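Chains as they are written, first to last, in the numbering used here: chain A, -6 to 600; chain B, 183 to 520. Just so it is clear, CB atoms sit at the ideal spot from N, CA and C, and this is done for glycine as well. Bear in mind the structure is a predicted one, so any value in this text is a computation, not a measurement.
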Ligand SMILES: Cc1ncc(C[n+]2csc(CCOP(=O)(O)OP(=O)(O)O)c2C)c(N)n1
Ligand code: SF4
Ligand SMILES: [Mg+2]
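As structure tokens, this is what we get:
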């Protein structure tokens, strides 16, 4: 049999049972790789269930720094008999199947093209521990130890991670290290180790961190000065608000009074969550909410109000698999059209499209500036993969001299100055010609600056009007504001200083990892060099139009069925649809480089 | 023109001219709001007025022109008021809604604003119908009530004060748009209350629900009204000068030092007893009476800010220095993720 070989280029998949404490053990494994200086990426593949169903955790180790998901499992660690059959089938030929051999494997489970490595995890636990809960938890540490020996992970690194993990309960450090060492010892006594696929220390991660996008977004909101959050629990966005609460409660606490400079309200539903955001923003606070597709569906009416009454709002949509309740624990980029044009009538919204946790942090902070500058909702579009999985990413940075851009807000003095020159405050007057009017915050001035915010048609002074011409004027001004948004939202990223090909590729968000790797594969293995662009915002900056115009054909890579991003390009830029070729993935798993390469190479071969 | 203690005339509390039907109960309630704010010498710009959608929800345009107003979407005023209140705890929040806006599409938000004891006055202009969409029965229409089109409402009506009591509301009152002497002091007391104050105001719709057979018409309400007690409102630090026979008055001191003064309590009514209030409401319903007045008050109520322990300053006044933990802390946070 051929054995897989290779250093720092493998996928290890753990097959666990949900709710058995495996998450922290698996995370220790992933962090060991990171602390050995090797790039890695980790994905949770979990059920919509609290306890009992199969769950997987996949770690890709990549010396080349590829952080997307890769197809094919080199080493499978099986701790869940329920899914054993499919797990065995998932191992690459020549790969390794690590399992609990306390009981013998049934002969149906034997493949002759993979290696079986039995570790009597339950056996060792039964021998060493009395308490069933301990048996469960230490079993996890035993496989971590076995893997460390098999893959040549430095034991000192694993021990360091255990010590950090239990820093608050130091009594637990020693027993966990011991359990881990039982796994190591068993491998040492029974197998030739390490395997041919293994890891080796490198210095490739620099000052990077390993963090999930939800935590980064939550931190971004804290740094951006958000003081009000209304929210309703939904996978995969819940941990975003929890992270915001955790850091805000910690860093905005007055230890003397016990009072916090934040108000977080768990709402009765997403309509209310967004209503709270609007009320708070209207009243001059920075406010946000986070949800997923079903929540955005419910927020539609309010999004239209915010657009038309010009109220700042920040919303994060951590997208999951749709339609409907869909695949709550799988990833997709399938809310783009919903978010871009949410609500009835002519409405459209600014979208920001982060692709890494670092960018989540930065764009979250920018979202508040943009929402207040533009006086409109800004929707940060992440997804389950970005939000809930750990990613290797640049450290978060904050410039202490940065001031919040609160946008065009008149103070009491401004209002008096207006009167002094014989002018009157008009909430919806386009004073500066950029489509963005001036607003006032309630209670600014005893007798000036009050107005009536409404979703009904209104004139420049916020007065109700049924004059259709007036209403059209407002709609046209909102378009002017939309043009301003194109210039002040983040610019796209181009991966070449000048175009080299007549074929271009456009992608965004978490598709970026796999897309960039696919560009390398196409170049290295097929001799095809393509120009690439990563979108970071909607509406589109003029350079997006230019990029498309400069190429005969443009592949648009995205993770949904209907090529929604492509639709946005066609709709907003009036691009000839024939020019834009869809590259799609919508199975709920993060798209892979191989899938992109296959599809692009296939299309190019037929021309 | 007479002025109040802070130098404002009554006209300073008015709004634009109403476009509601002549004789609409809602306009009388707007008048009572103007009167109460004027008498209380509230600075108009310290009030934020909010509403949903409906004839009733249009009224914030017709009072307090110097206040910021927010006419939100149908049934969703409570969440907007919640957010606004979270942003600035120092303003006075006055929400206006209709029975359709509150008891149907907005029931969820209404219930949760009560549950959180949001510090606001919530007025329901209750006409038992959907005025703005031309008179359909609302969920507060009484069973058996006949609409203008002649149809009889077959469903049980929702009693908002009864429900609010059940939910733990800390100020519950009912009144009638035609009874300013009762409504004005109730509004004043509600504005002084720290927490959620509900006033359910019977407010006949002259166009669609003022016919014989309707239980929300002027005639029917006048004939069946039963006031619990006469109510007086004594602002902070003013002495109660009139004296009444002992045993016939109850004074309830509010958190800001003002006093709600109830007199002629025929049966020793005490508005601090939630269970008694619920029993009284049930009994009145059985007898076909419309019970009005201050049904319940908890003078020690704790509002949402106190519960979630948010800063004593308005959150919307906080700046970078208060809110941003800075780069040094971010470096430490980064360290946690290595
Ligand atoms: C989402 C939505 N559905 C329906 C309507 C139509 N609508 C406007 S007002 C109203 C009912 C208002 O009734 P109520 O709150 O009792 O106010 P009133 O006019 O009786 O004062 C309805 C159904 C709407 N504006 N929005
Ligand atoms: S329709 Fe009824 S509720 Fe509406 S304004 Fe006319 S009288 Fe008032
Ligand atoms: Mg009504």
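Practice problem: Would you tell me roughly how many angstroms separate the C-alpha atoms of residue 258(A) and residue 221(A), rounded to the nearest one? | Solution: 8 Å
Practice problem: Quick one: residues in its chain with C-beta nearer than 7 Å to the C-beta of residue 332(A), no 5 flanking neighbours on either side, listed in chain order? | Solution: 289, 310, 342, 344, 372 and 374, listed in sequence order.
Quiz item: Applying a beta-carbon distance threshold of less than 9 Å, which residues of chain A neighbour residue 509(B)?
Solution: 390, 391, 392 and 393
Quiz prompt | Residue-chain proximity (residue 269(A), chain B), Cβ-Cβ < 8 Å | solution = yes
Self-check item: Selection of the stretch 491 to 510 of chain B by Cβ proximity to chain A, strictly under 7 Å
Solution: Within the stretch 491 to 510 of chain B, the qualifying residues are 491, 492, 493, 494, 497, 498, 500, 502, 504, 505, 506, 507, 508 and 509.
Self-check item: Beta-carbon contacts of residue 484(A) that lie in its chain and below 6 Å, excluding the five residues immediately before and after
Solution: Excluding its 5 nearest sequence neighbours in each direction, residue 484(A) has C-beta neighbours in its own chain below 6 Å: 534, listed in chain order.
Self-check item: Residues near residue 416(B) by beta carbon distance below 7 Å, same chain, minus five either side
Solution: 422, 440, 441 and 443
Quiz item: Which residue comes first and which comes last in the beta strand (DSSP E) that contains residue 519(B)?
Solution: Note, residue 519(B): premise wrong, no beta strand (DSSP E); not H, not E.
Quiz prompt | Three CB pairs or more closer than 8 Å across the stretch 415 to 422 of chain A and the stretch 381 to 388 of chain A | solution = no
Exercise. Determine the burial state of residue 509(A): buried for a count of at least 16 other Cβ atoms within 10 Å of its Cβ, exposed for fewer.
Key: The residue is buried, with at least 16 neighbouring Cβ atoms inside 10 Å.
Quiz item: Cβ-heavy atom distance between residue 203(B) and ligand 3 below 7 Å?
Solution: no
Practice problem: Would you please verify whether the beta carbon of residue 349(A) is less than 8 Å from any beta carbon of chain B? | Solution: no
Quiz item: If you drop the 5 nearest sequence neighbours on each side, which residues of the same chain put their C-beta closer than 6 Å to that of residue 272(B)?
Solution: 496
Exercise. From the DSSP output, in three-state form, read off residue 370(A) for me.
Key: strand
Exercise. Taking residue 446(A) as part of the beta strand (DSSP E), name the residues at either end of that continuous run.
Key: 445 to 447
Self-check item: Contact set between residue 349(B) and chain A, taken where Cβ atoms lie within less than 8 Å
Solution: Ordered by position in chain A, no residue passes the 8 Å Cβ test against residue 349(B), which lies about 13 Å from the chain.
Self-check item: For residue 492(A), the three-state DSSP class (helix, strand or coil)
Solution: coil
Quiz item: Excluding the five sequence neighbours on either side, which residues of its own chain have a C-beta within less than 7 Å of the C-beta of residue 334(B), listed in chain order?
Solution: Correct list, in chain order: 326 and 328.
Quiz prompt | Unbroken beta strand (DSSP E) run spanning residue 7(A), endpoints | solution = First-last of the beta strand (DSSP E) with residue 7(A): 2 to 10.
Quiz prompt | Within-8 Å CB hit, residue 275(A) to chain B | solution = Yes, because at least one Cβ of chain B sits closer than 8 Å to the Cβ of residue 275(A).
Exercise. Could you check how far apart the C-beta atoms of residue 519(A) and residue 594(A) are, in whole angstroms? I think they sit under 8 Å.
Key: 6 Å
Quiz item: Roughly how many angstroms separate the alpha carbons of residue 95(A) and residue 112(A), rounded to a whole number?
Solution: 7 Å
Exercise. May I ask whether a heavy atom of ligand 2 can be found less than 7 Å away from the beta carbon of residue 313(B)?
Key: yes
Quiz item: Does the beta-carbon of residue 436(B) have 16 or more other beta-carbons within 10 angstroms, so that it is buried, or is it exposed?
Solution: buried
Quiz item: Which residues mark the beginning and the end of the beta strand (DSSP E) in which residue 478(B) is found?
Solution: Start and end: 472 to 479.
Quiz item: Can you give the beta carbon distance from residue 565(A) to residue 504(A), rounded, assuming they're within the 8 Å contact cut?
Solution: The Cβ separation is near 19 Å, so there is no contact.
Practice problem: Would you mind giving the Cβ-Cβ distance between residue 507(A) and residue 61(A), rounded to the nearest angstrom? I have them listed as a contact below 8 Å. | Solution: Contact between residue 507(A) and residue 61(A) holds, with the beta-carbon distance rounding to 4 Å and staying under 8 Å.
Self-check item: Close Cβ partners of residue 596(A) (< 7 Å) along its chain, the five nearest in sequence each way excluded
Solution: 574
Self-check item: Proximity of residue 359(B) and residue 383(B) at Cβ, strictly below 8 Å
Solution: Yes, Cβ-Cβ distance for residue 359(B) and residue 383(B) is below 8 Å.
Quiz item: Do residue 211(A) and residue 172(A) come within 8 Å of each other at the CB atom, strictly closer than that value?
Solution: no
Quiz prompt | Sub-8 Å separation of residue 364(A) and residue 430(A) beta-carbons | solution = no
Quiz item: If we call anything under 8 Å between Cβ atoms a contact, is residue 307(A) one with residue 361(A)?
Solution: yes
Quiz prompt | 8 Å CB neighbourhood of residue 408(A) in its chain, flanking five on each side removed | solution = 418, 433, 437, 438, 441 and 442
Exercise. Would you identify the three-state DSSP class for residue 414(A), choosing helix, strand or coil?
Key: coil
Quiz item: Can you tell me whether DSSP reads residue 406(B) as helix, strand or coil?
Solution: Per DSSP, reduced to three states, the secondary structure at residue 406(B) is helical.
Quiz item: With 16 as the cutoff for other CB atoms within 10 Å, does residue 103(A) come out buried or exposed?
Solution: exposed
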